[in-house]
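Asks: Numbering (the numbering used here), first residue to last: 3 to 1037.
1) Tell me residue 973's beta-bridge partners as DSSP assigns them.
2) What is the residue span of the alpha helix (DSSP H) that residue 178 lies within?
3) Applying the 10 Å Cβ sphere with the 16-neighbour rule, what's the burial state of residue 184?
4) For residue 1003, count the other beta carbons within 10 Å of its own beta carbon; 16 or more makes it buried, fewer makes it exposed. Which is it?
5) Using the rule of at least 16 other Cβ atoms within 10 Å of the residue's Cβ for burial, across every protein chain shown, is residue 444 buried or exposed?
6) State the DSSP-derived secondary structure class of residue 227, mapped to helix, strand or coil.
7) Quick one: what's got a C-beta closer than 8 Å to residue 580's C-beta in the same chain, skipping five residues either side?
8) List the endpoints of the continuous alpha helix (DSSP H) containing residue 422.
9) Among the candidates 637, 755, 746, 691, whose CA atom is the shortest distance from the CA of residue 713?
10) Bridge partners for residue 673 per DSSP, in chain order?
11) Is it right to say residue 1050 is buried, meaning 16 or more other beta carbons lie within 10 angstroms of its own, or is it exposed?
12) Check for me: the beta strand (DSSP E) holding residue 32 runs from which residue to which?
13) Quick check: the region 326-346 against the region 539-551, are there 3 or more CB pairs under 8 Å?
14) Where do the ends of the alpha helix (DSSP H) carrying residue 488 lie?
15) Of all the beta strand (DSSP E) runs that stay within the bounds of the region 880-947, which reach a length of 3 or more residues?
16) Going by the C-beta, is residue 663 closer than 7 Å to any heavy atom of the ligand COA?
17) Would you list the residues sitting across from residue 639 in a DSSP beta bridge?
18) Leaving out five residues on either side along the sequence, give the residues of the same chain with a beta carbon under 8 Å from the beta carbon of residue 15.
19) Rounded to whole angstroms, what's the CA-CA distance from residue 155 to residue 199? Just pull it up for me.
20) Assign residue 95 to buried or exposed, taking buried as 16 or more other Cβ atoms, counted over all protein chains shown, within 10 Å of its Cβ.
21) Grab the span of the alpha helix (DSSP H) containing residue 389 for me, first residue to last.
22) Please specify which runs of the beta strand (DSSP E), each continuous and at least 3 residues long, are wholly inside the region 135-207, giving them in chain order.
23) Give me whichever residues DSSP pairs with residue 361 in a beta bridge.
24) Do the region 397-414 and the region 118-137 touch if we need at least three Cβ pairs shorter than 8 Å?
25) For a test of the three-state rule: what should DSSP assign to residue 686, helix, strand or coil?
26) Note down, in chain order, each residue of its chain lying with its Cβ closer than 6 Å to the Cβ of residue 603, except the 5 sequence neighbours on either side.
27) Quick one: Cα of residue 485 to Cα of residue 512, how far?
28) With a threshold of 8 Å, are at least 3 pairs of Cβ atoms found where one atom belongs to the region 42-56 and the other to the region 219-231?
29) Considering only the alpha carbon of each residue, which of 312, 23, 471 lies closest to residue 246?
30) Could you tell me how far apart the beta carbons of residue 584 and residue 645 are, in whole angstroms, since I believe they sit closer than 8 Å?
31) So is residue 420 buried or exposed if we call it buried at 16+ other beta carbons inside 10 Å?
32) Do the region 445-460 and the region 387-402 make contact, defined as three or more Cβ pairs closer than 8 Å?
33) Helix, strand or coil for residue 12, going by three-state DSSP, please let me know.
34) Cβ of residue 438 within 8 Å of Cβ of residue 479?
35) Write down the C-beta distance between residue 153 and residue 63 rounded to the nearest angstrom, noting that I regard them as a contact closer than 8 Å.
Below you can see the structure in the form of structure tokens.
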């Protein structure tokens, strides 16, 4: 405390220079709370054992819900607020109503602002703790009345405010009660001295920006308001308070050791030393352990005591993310007459977390963490997330084979941890600390400013005290992107003093002593391998990697090939889980998903769509890259040889008995044989081989064996039949179908502008000026749009492309065909009756000699051969090597290749080879900001059809193809070289169908979205020779 006193004195000496500017409460890091109750572990104190066992707090007579409509007054600046708003006789009749919990900005009060790494209230020159006086500082006032239950009179009454941002003052019945900061942890107040019988008034002043904002510079919407549940609860004057539960395993990881510390408070003037605390442990209904102790320490009036209970329990079932087995710990407080005064019931799990050498061990096993970062976000309500949505989030994580979650970058709602305990997720629990906008240098970061020590340590302490009893919490994270220094050195020591059982993580303590785990963000694979082979002594865990912004998550398989192979590396946490988009209905009725820059005027700070980087979308539907994440992270490995299927169980604690394998043999994409393997006796980290029946294959077709592992019975939130692992094995090769030449005579007519080929089956037209095939009429029906068939080197930039500056660097590739020169055309009639049109042109300012050969058959069948000859030698990239064909409208597509979702060169392991079909409209994937999407890799053939008329087919004649058919043009999907503010929901389908027929496309990348290119093996270089061909047929 002497240390904190010194800090407070130092701060007030500093404040002199600010004199008239700094608010003594809201711009004062030395003041974090007034009259707030000490943080305690998460629990609710019930009045009897039955209700505690049931666990539904709404059924308790000691609970009063305050959620709902509150009276609300918002002002653009706090200096406009009425001064006496908290008084009981204040007239609030002109105020609005606002739901609690909610964010103001989502409710229409103030401007939603998104920035990533800066302070929205002072981007250029932040001067903590000052909030610039020149700024309009939004503020809101709340009033809520409640009727005090008569049974609560004479007892202790507490107000629980689940989360308030950024800071607040609290009044009850016209009297000041206290204040609090830290917008992601609850504030509780003893309001017993302020309440009266009957009706009572709660009043609050909430500021959008305070000194606390300097510690809450996270990559998210900068919202305000009361964002979590609020309620009142009553407890007797002698009651339990803080609970510390340690449930570990012995060195053999079979027997449990339970230590329970129970605080008991006597808030009466009487002796309470004859009260008793009973601690019991249950395995479902079976009582395993019970012990009672008297509260001898409460002999003193208004005293406190702490009782310790210990038990050794043989053969316990260990908790892990794979086997989240929970026991029930019950604590009962009896008065001197043996009457139940209070009951707390909590689920607990027995597990250990250790670091041995450079290994993180859970229950003695070196587990791999398949993790993801999660923000609390909802497209309807902003940062207010319902319990149902939290359950859905956990369900989606389990379905995607995640086993770990980082609460980026703040403690989550307490219910989320209950779900992680129950259904099995390892949690990295992160303190609500990020001062990113101050940068990381020791002379700039407030992480190295002792004036801010108390503010840092209190946030860490409150997180640990609240969440320490959750078995799912494996790691404490001291915060995010706040530099390193004094406050994190002291924070490390402080957390260790509170809980020495868990490792501490802090990413920016690079090679420093104040982290137990070496961590980085967005390190590429060579760095990981170098670390693994180095003499570093700490385990390595990437707290952020695989930046999933837009169409991304390329080379994810390569990451996990490394994680599973090298020592010291134990996985990481993808950034991030959910797009943080918000719904908005436009005046024209269209509904869009919004991001930064969609609100306010041109001066509103914004980092645009940098918060749209989820594995899943805002509405919790899966982005295409989610399927790749599921596939790569699967817990079953497959190998096949000679009718034997070998399974590797990658789980560390669970066998495969609740899985079954469905296998099928595909012939040219069509299932011809199938079966199930149901008795999977495969122990954790073991292998087993299963014999398949003879597979009926020959050398006349392409055969592929595909396997899917699915649940036999419900497992947690996942239902029977949920598919969790996949594999495919090509057994024979694909052989392109050879076209049989039709000898029907083709006539060739030539004018000054066109070459016309025609017979009784079709007519084709070549534009001599542009050197393009521009018309294809079959049965008097035109199939091509005027643009026809073009060479294409361009794509509508992905977010990763823009991050690497590729659209600007490669803009000369846009409309490469339209800008071509030196067009030359030749016509050759072959002995077979076919006609070959050769189109030659120079591309990209004369640096590529491009030749396209069109071999026209007697029937409407044309073989297209493309040859790219570089006339330059450098490392310039290209987006594509391919053709773009603009067609009159088609409705459906069928293809034989990878599907059913889109796939790319560096993201296709989850897209299995098969025969797929669907509408062309559904091939478009609505990334929040339109961009390249819908590609299909390894395509053997594709057919486009419509309800009536002539259809078209594309066949590979050599190399497999990339095919994409969309109802939007590349121009519609491209936001401009400077990446404009565009939205999928605003698009209107083009009048044409756009078909890409490509040899290859640049990889997506995904290491980050602000500079890194795809991995070397997925780079597509412009100045290399390329040749490929395909056949177009109308039918």
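Cβ atoms here follow ideal geometry from the backbone N, Cα and C, with glycine treated the same way. Just so we're clear, the structure is a prediction, and the values are computed from it rather than from any experiment.
Replies: According to the data block:
1) Against the chain shown, residue 973 aligns to sequence position 971. Paired residues: none, contrary to the question.
2) Counting from one through the chain shown, the residue named residue 178 turns up at place 176. Premise fails: residue 178 lies in the beta strand (DSSP E), 177-183, not in any alpha helix (DSSP H).
3) By 1-based counting over the chain shown, the position of residue 184 is 182. Buried is the call here.
4) Numbered from 1 along the chain shown, position 1001 holds the residue referred to as residue 1003. Buried, because 16 or more other Cβ atoms sit within 10 Å of the Cβ of residue 1003.
5) Locating residue 444 in the chain shown gives position 442, counting from the first residue. Answer is exposed; the Cβ neighbour count stays below 16.
6) Position 225 of the chain shown, counted from the start, is the residue given in the question as residue 227. Looking at residue 227 - three-state DSSP - the assignment turns out to be strand.
7) Within the chain shown, residue 580 is the residue found at index 578, counting from 1. The answer, listed in chain order, is 376, 377, 379, 395, 616, 617, 618, 619, 620, 622.
8) Position 420 of the chain shown holds residue 422. Residues 416-425.
9) Counting from one through the chain shown, the residue named residue 713 turns up at place 711. Of 637, 755, 746, 691, the residue nearest in Cα terms is 637.
10) Indexing the chain shown from 1 puts residue 673 at position 671. Residue 673 pairs with 668.
11) This structure cannot speak to residue 1050, because the chain is shown only from 3 to 1037.
12) In the chain shown, counting from the first residue as 1, residue 32 sits at position 30. Here residue 32 belongs to no beta strand (DSSP E), and DSSP marks it neither H nor E.
13) no
14) Residue numbering aside, residue 488 sits at position 486 when the chain shown is read from its first letter. Run containing residue 488: 488-500, per the alpha helix (DSSP H) assignment.
15) 882-889, 894-901, 914-921, 938-941, 943-947
16) With respect to the ligand COA, the structure shown offers nothing to examine, as it has no ligands at all.
17) Numbered from its first residue, the chain shown carries residue 639 at position 637. In DSSP, residue 639 forms a bridge with 650.
18) In the chain shown, residue 15 corresponds to position 13, counting from 1. In this prediction, residue 15 scores a pLDDT of 45, lower than 50, which makes its location untrustworthy; the coordinate-derived value is nonetheless stated afterwards. For residue 15, where only same-chain residues beyond five positions count, there are no Cβ hits under 8 Å.
19) For the purposes of this step, residue 155 is taken as residue 153 along the chain shown, with counting starting at 1. For the purposes of this step, residue 199 is taken as residue 197 along the chain shown, with counting starting at 1. Taking the straight line from one Cα to the other gives about 7 Å.
20) Along the chain shown, read from residue 1 onward, the residue named residue 95 stands at position 93. Exposed, because fewer than 16 other Cβ atoms sit within 10 Å of the Cβ of residue 95.
21) Along the chain shown, one-based indexing puts residue 389 at 387. 389-401 is the span of the alpha helix (DSSP H), which, as asked, contains residue 389.
22) 141-150, 158-163, 169-174, 177-183, 189-192
23) For the purposes of this step, residue 361 is taken as residue 359 along the chain shown, with counting starting at 1. Beta-bridge pairing links residue 361 to 358.
24) no
25) For this step, residue 686 is matched to residue 684 along the chain shown. Three-state result, residue 686: coil.
26) Here residue 603 is taken as the residue at index 601 of the chain shown, counted from 1. So the list is empty, once near-sequence residues are dropped.
27) One-based indexing of the chain shown puts residue 485 at position 483. One-based indexing of the chain shown puts residue 512 at position 510. Cα-Cα distance, rounded: 10 Å.
28) no
29) Locating residue 246 in the chain shown gives position 244, counting from the first residue. Looking at the Cα atoms, 471 is the closest of the given residues.
30) Taking the first residue of the chain shown as 1, we reach residue 584 at position 582. Taking the first residue of the chain shown as 1, we reach residue 645 at position 643. Contact doesn't hold; Cβ gap of about 54 Å is too wide.
31) Along the chain shown, one-based indexing puts residue 420 at 418. Buried, by the Cβ-count rule.
32) no
33) Locating residue 12 in the chain shown gives position 10, counting from the first residue. Because the pLDDT of residue 12 is 48, which lies under 50, any placement of that residue in the model is unreliable, and the number read from its coordinates should be weighed accordingly. It is helical.
34) On the chain shown, position 436 is the one that residue 438 refers to. On the chain shown, position 477 is the one that residue 479 refers to. No, the Cβ-Cβ distance between residue 438 and residue 479 is not below 8 Å.
35) Within the chain shown, the letter at position 151 stands for residue 153. Within the chain shown, the letter at position 61 stands for residue 63. With a Cβ gap of about 7 Å, residue 153 and residue 63 count as contacting.
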